[in-house]
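All remarks here apply to the structure that follows.
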């Protein structure tokens, strides 16, 4: 009878590969448009504006009338003003 240690009997565990974008199935792989960075027209720059209570109230009213999120309404106002100032 041999006295083998428990460590010697342990099976070698292979590390499972992390699942990435790969695969050989149809439709597998990275979705189109990912990994190449933002599209040229993407809004990626954050700008912060400090508003008075009255200005915020007016912006909220405009957003509600247009049924838009507050940030989208603010963006549209700024974008329109920038186009006019060119």
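Residue numbers (UniProt numbering): 1 to 86. Ideal Cβ positions, reconstructed from N, Cα and C, are used throughout, including at glycine.
Three-state secondary structure assigned by DSSP to residue i
i, result
"residue 77", "helix"
"residue 42", "coil"
"residue 66", "helix"
"residue 24", "coil"
"residue 30", "coil"
"residue 49", "coil"
Contacts around residue i, its chain only, beta-carbon distance under 7 Å, and the 5 residues preceding and following it disregarded
i, result
"residue 66", "73"
"residue 59", "51, 70, 73, 74"
"residue 61", "none"
Sequence-distant residues of the same chain with beta carbon closer than 8 Å to residue i, five excluded per side
i, result
"residue 79", "none"
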